[in-house]
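All residue numbers for the sequence shown refer to our numbering, where the first residue is 19 and numbers rise by one.
C-beta atoms are modelled at their ideal positions from N, C-alpha and C, and glycine is treated no differently.
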Amino acid sequence: MIPRRLPAWSLLCAALLPFHADAQESFADCLEQLRGMAATHEIAPATFEQHVGGLEPDMAVIGLLDYQPEFRTPIWDYLAGLVDDERVADGRAMAVQWAGTLQDIEARYGVDPATVVAVWGVESNFGRNFGKRPLLVSLATLSCFGRRQDFFRGEFFTALKIIEDGHVAPQRLAGSWAGAFGHTQFMPSTFRRVAVDFDGDGRRDLIDSVPDALASTANFLREAGWQTGRPWGFEVVLPPDFNAALAGRRNKRALAEWVALGVRRADGSAIEPGTEAAGLLLPAGERGPAFLVLRNFDALYSYNAAESYALAIAHLSDRLRGGEPFRASWPTDDPGLSRAERREVQALLSQLGYDVGEADGVLGARSREAVQQFQRGQGLEPDGRAGRRVLELLRKAYAER
Ligand code: CA
C-alpha cells in the first residue's frame with residue numbers, strides 16, 4: 019500500500035537527488051519544528067529524542083515521491099509478474115502452513131483465506147519483501163521536503179506513536195520509501211485505524227507476527243465493506259457491438275441488467291441474477307478480458323486505489339482456489355513475462371555481455387537499458403520493454419552465440 023499508483027519496481031529507477039549541505043541544515047531546523055509539535059501528537063519528549071534525535075535525511079525518497087515514470091507498465095506485464103505460477107504455488111503453501119490461523123480469521127472477520135493470502139502475496143511476496151528503508155528516516159524526510167509534507171507529518175507522528183506504544187520493535191520498523199511497512203504494507207495511519215492484535219500478546223505487530231498482519235488485512239477489508247461469501251466478480255464475455263461506454267467500476271447496474279444486455283460469464287456458467295450491483299471492467303479496452311466486478315472488488319480497490327492492483331489480488335485469490343488463468347487474451351502479440359522469465363531475461367542478457375545488475379526478476383532501469391541495447395542490435399524499436407518476443411530473441415541469440 020503506497021499512496022500513489024506506481025508499481026513498486028518502477029520506483030527503483032528514480033533518480034537520486036544530490037545531497038546538499040543546506041538540505042542538512044534545513045532538515046535540522048525542520049526536526050526542531052517537529053519536536054515542538056510532538057506534544058500535540060501525544061509523543062513524549064524522551065520518545066522523540068530517542069528515535070528522532072540525530073536522524074539524517076534520506077533525500078532519495080524525495081526523488082521517489084516526484085518520480086513520474088515515463089515507462090508505463092502495460093496491464094498484461096503488471097499481472098504476469100504479480101500472478102505467476104510461482105506466486106500461486108507459494109500462496110498455496112502459505113495457505114496450508116497458516117490454515118488454522120486463516121480459519122480463525124475468517125470466523126472473526128468474514129474474509130476467506132484465499133483473499134487474505136492473495137493480499138499478502140501481492141503486498142510483500144508473503145513477507146519476503148518488506149522494503150528496507152528505516153521508516154522514521156523516510157517519513158521525517160518526507161515531512162520536511164517535497165510535496166505533501168502535512169500528510170507525511172501525520173504518518174511520521176503516528177509511526178512514532180506505534181513505537182512508543184511498543185507494537186513493533188523500533189529497529190525493525192523499515193518499509194517502502196513512502197512509509198508502508200510489514201507483511202501487508204500498511205501506512206502508519208492505516209495501522210492506527212485497522213490493525214489488530216490477533217495472537218493475543220498485547221501488541222499489534224505487522225512485522226513479526228503473521229497472525230496479526232493477516233487478521234489486520236481481513237479487518238481492513240471488513241471495514242471497507244467486504245461481503246462475506248460473495249465473489250469479487252468474474253470474467254465475462256460481451257456480445258458483439260456492445261456499447262463500451264457502459265464500462266466503469268463505478269458505473270454500476272444490477273446483474274440482471276447486464277444479463278439483459280447480453281453479458282455472459284466467460285466460463286459458461288449462469289450469472290445468478292441477485293440484486294447486487296456490478297460494474298464492468300475493461301482493463302485493456304473492448305478487445306481484452308472483461309469482468310463484472312462486485313462490492314468486494316471495491317473493497318480490494320480501497321487497499322491501493324488502483325484497478326490493476328485490485329484485479330491482481332482478485333485473480334490471485336481465484337488461482338489460489340484452483341481457478342484458471344483468464345480465458346480471453348490480452349490485446350497484444352507480445353505477452354508479459356513471469357518473474358521466472360524475467361530472471362531468465364536478465365541471466366541471458368548477462369551471459370550475452372550486457373550489464374543488468376542483480377538478476378532478481380525485477381526489470382528496473384539497468385535491465386531496461388540492457389534490453390534497449392539488445393533491441394537496437396536486433397533492429398527492433400528500443401522501448402526497453404521485455405516481453406515474450408524479447409525473451410525468445412534472447413534465447414536464440416544465446417543459442418547462436
Ligand atoms: Ca500481537
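Per DSSP, which one or two residues make a beta bridge with residue i?
i	result
Val254	Arg283, Ala308
Gly266	Leu298
Pro152	Ala192
Arg423	Here the chain has residues from 19 to 419 only, and residue 423 is not among them.
Phe204	Phe199
What did DSSP end up calling residue i once you bin it into helix, strand or coil?
i	result
Pro400	coil
Ala198	coil
Arg23	Low confidence applies here, because Arg23 scores a pLDDT of 39, under 50, leaving its location unreliable; read the following figure in that light. Reduced to three states, the DSSP call for Arg23 is coil.
Gly303	strand
Ile80	helix
Asp219	coil
Ile123	helix
Gln245	coil
Glu141	helix
Leu29	The predicted position of Leu29 is uncertain, since its pLDDT is 42 and thus under 50; no value can be drawn from it.
Val186	coil
Pro343	coil
Pro229	helix
Asn261	coil
Asp47	helix
Using the C-alpha atoms, what's the distance from residue j back to residue i?
i	j	result
Arg337	Pro249	13 Å
Arg386	Ala324	24 Å
Pro291	Gly109	32 Å
Gly243	Leu411	47 Å
Pro301	Thr235	25 Å
Phe252	Trp195	34 Å
Tyr416	Arg360	16 Å
Pro400	Ser227	45 Å
Ala33	Tyr85	Because the pLDDT at Ala33 is just 41, under 50, the model does not fix this residue reliably, and the value given afterwards should be weighed accordingly. Near 8 Å, if we compare the C-alpha coordinates of Tyr85 and Ala33.
Trp94	Ser326	10 Å
Leu120	Pro343	24 Å
Ala198	Phe204	5 Å
Ile331	Val101	8 Å
Arg403	Ala125	44 Å
Asn237	Thr208	11 Å
Phe339	Leu73	The amino acid at residue 339 is misidentified as Phe; the sequence shows Arg. One C-alpha to the other measures close to 46 Å.
Val106	Pro75	39 Å
Along the alpha helix (DSSP H) that carries residue i, what are the first and last residues, could you check?
i	result
Arg337	325-338
Tyr372	Neither: Tyr372 is in no alpha helix (DSSP H) and is coded neither H nor E.
Thr91	First-last for Thr91: undefined, no H or E at that position.
Phe169	167-182
Pro63	63-70
Arg146	No alpha helix (DSSP H) contains Arg146, which DSSP labels as neither H nor E.
Asp103	103-115
Val389	383-395
Tyr319	313-322
Tyr85	Here Tyr85 belongs to no alpha helix (DSSP H), and DSSP marks it neither H nor E.
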